[in-house]
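Asker: Sending over a structure as structure tokens; questions will come in a sec.
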Amino acid sequence: MTMTKREEVFYKNLIISDEDKIRAEKSLKSKGVEKHILIKERLLNWSTSESIEYEKVASTYRYDKRIRYTLFKYISYLEELYRAVILDNYVVDVRQKFWIKDLREQLKAYSNNLNDALEHIDFSALLIQCQRLPKEVKALCGFPKIKHLNDDSIALKELRNAVMHNKFLLLYRGYDICYVDGVDDGKSASLKANILNLIQFLPPEVGEQCAKDINVCNEDRNEEDETKWDLPSQIVITIDA
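Positions 0 to 240 (numbering that gives the first Met the number 0) are the ones given, in order, by the sequence shown.
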């Protein structure tokens with residue numbers, strides 16, 4: 000097989016079986032060479048040797064994908080909740096003074112159909128609108144009673160964008176700072192901090208399940224025809240119950 004220069008970079012210092020080479024070829028084609036190089040280089044930084052097993056690279060990729068799918072599920076839950084609160088309370092009375100500009104424009108565009116209007120505002124606008132609701136309706140959104148609600152809302156929006164745009168979350172560096180207990184003295188822009196931030200926006204029982212789902216992302220669920228599961232301990236994210 001003739002390799003490109005970047006493929007040669009990927010395979011350099013890589014310990015890989017003949018069987019996994021076939022799997023790796025398919026993965027490089029569908030998921031991209033550069034992302035695999037980034038993962039390999041990060042793992043090499045943590046390694047005590049000058050080489051790294053392909054199994055660790057493949058497991059890291061699959062672990063990130065599991066986390067992303069889990070976060071997608073719970074961020075989608077929040078979006079549905081926020082839209083439902085607004086729709087259920089104002090579907091028969093859509094003329095409200097507290098509507099933000101984005102929602103007013105969409106109501107105009109969709110002939111005051113609140114459902115359609117809500118479907119056409121982005122998550123950032125939805126968060127802002129929910130925080131402008133009357134107190135008794137806003138309470139239904141279950142926002143955390145925290146000092147840094149505005150900062151944490153911005154961080155939540157950025158996490159949502161990273162998930163929805165299929166960023167490689169374990170290597171992504173575009174998260175915003177959020178204020179949560181349990182990491183870096185309560186102020187951090189790490190992935191773990193942003194997951195904890197999402198959890199504090201969820202209803203308690205839903206947040207607990209989110210934490211459990213994140214914690215089991217590191218389990219070996221291999222099929223017989225898959226590359227052996229060998230996840231480096233340094234990248235594992237554990238959320239305390």
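Think of the CB as a built atom: it goes at the ideal place given N, C-alpha and C, for glycine as much as any other residue.
Quick check on the burial criterion: 16 or more other C-beta atoms within 10 angstroms. Buried or exposed for Q199?
Answerer: Working through the sequence shown from its first residue, we reach residue 199 at position 200. By the 10 Å Cβ count, Q199 comes out buried.
Asker: Along the chain, which unbroken stretches of the alpha helix (DSSP H) at least 4 residues long are found entirely within the segment 53 to 119?
Answerer: Complete alpha helix (DSSP H) runs here, min 4: 53 to 89, 100 to 108 and 113 to 118.
Asker: Are the CB atoms of W45 and Q233 within a distance shorter than 8 Å?
Answerer: Start at 1 with the first residue of the sequence shown, and residue 233 comes out as number 234. Start at 1 with the first residue of the sequence shown, and residue 45 comes out as number 46. Result yes, Cβ atoms of Q233 and W45 sit closer than 8 Å.
Asker: Taking E40 as part of the alpha helix (DSSP H), name the residues at either end of that continuous run.
Answerer: Position 41 of the sequence shown, counted from the start, is the residue given in the question as residue 40. Its alpha helix (DSSP H) spans residues V32 to W45.
Asker: For R159, count neighbouring Cβ atoms within 10 angstroms of its own Cβ and tell me buried if that reaches 16, exposed if not.
Answerer: In the sequence shown, the residue the question calls residue 159 occupies position 160. Buried, by the Cβ-count rule.
Asker: Thinking C-beta only, is L117 closer than 8 Å to R82?
Answerer: By 1-based counting over the sequence shown, the position of residue 82 is 83. By 1-based counting over the sequence shown, the position of residue 117 is 118. Going by C-beta atoms, R82 is nearer than 8 Å to L117.
Asker: Check for me: the alpha helix (DSSP H) holding Q233 runs from which residue to which?
Answerer: Position 234 of the sequence shown holds residue 233. Note, Q233: premise wrong, no alpha helix (DSSP H); not H, not E.
Asker: Nearest by alpha-carbon distance to F122: which of D101, P133 and K107 is it?
Answerer: For the purposes of this step, residue 122 is taken as the residue at position 123 of the sequence shown. F122 has its Cα closest to that of D101, out of D101, P133 and K107.
Asker: What residue range is occupied by the uninterrupted alpha helix (DSSP H) comprising E204?
Answerer: Numbered from its first residue, the sequence shown carries residue 204 at position 205. Its alpha helix (DSSP H) spans residues P203 to N214.
Asker: So does D184 have its beta carbon nearer than 7 Å to some heavy atom of the ligand ZN?
Answerer: As presented, the structure is devoid of all ligands, the ligand ZN included, so that no description of it is given.
Asker: For the segment 177 to 188 and the segment 137 to 150, state whether three or more C-beta atom pairs, one from each stretch, are separated by less than 8 Å.
Answerer: These segments touch.
Asker: With H, G and I counted as helix, E and B as strand and the rest as coil, what does DSSP make of I15?
Answerer: In the sequence shown, counting from the first residue as 1, residue 15 sits at position 16. Coil, per DSSP.
Asker: Please report the distance separating the alpha-carbon of N217 from that of Y89.
Answerer: Stepping through the sequence shown from its first residue, residue 217 is reached at position 218. Stepping through the sequence shown from its first residue, residue 89 is reached at position 90. Going from the Cα of N217 to the Cα of Y89 covers about 43 Å.
Asker: Could you give the first and the last residue of the continuous alpha helix (DSSP H) run that contains F142?
Answerer: Position 143 of the sequence shown holds residue 142. Where F142 is concerned, there is no enclosing alpha helix (DSSP H), given that its DSSP letter is neither H nor E.
Asker: In terms of DSSP beta bridges, what is C177 paired with?
Answerer: Counting from 1 along the sequence shown, the entry for residue 177 is found at position 178. According to DSSP, which records beta bridges pairwise, C177 is partnered with S187.
Asker: Give every residue of the same chain whose Cβ lies closer than 7 Å to the Cβ of T3, excluding the five residues on either side of it in the sequence, and list them in chain order.
Answerer: Sequence index remark: in the sequence shown, residue 3 carries index 4 (1-based). Within the same chain, T3 has no close Cβ partners at all.
Asker: How big is the Cα-Cα spacing for N196 and C129?
Answerer: Within the sequence shown, numbered from 1, the residue matching residue 196 stands at position 197. Within the sequence shown, numbered from 1, the residue matching residue 129 stands at position 130. N196 and C129: Cα-Cα distance of roughly 17 Å.
Asker: Once the 5 residues before and after E54 are set aside, which same chain residues still bring their CB inside 6 Å of it?
Answerer: Stepping through the sequence shown from its first residue, residue 54 is reached at position 55. Cβ neighbours of E54 beyond the five flanking positions: T226, K227 and D229.
Asker: D63 and L169: beta carbons closer than 8 Å?
Answerer: Counted from its first residue, the sequence shown places residue 63 at position 64. Counted from its first residue, the sequence shown places residue 169 at position 170. Going by C-beta atoms, D63 is nearer than 8 Å to L169.
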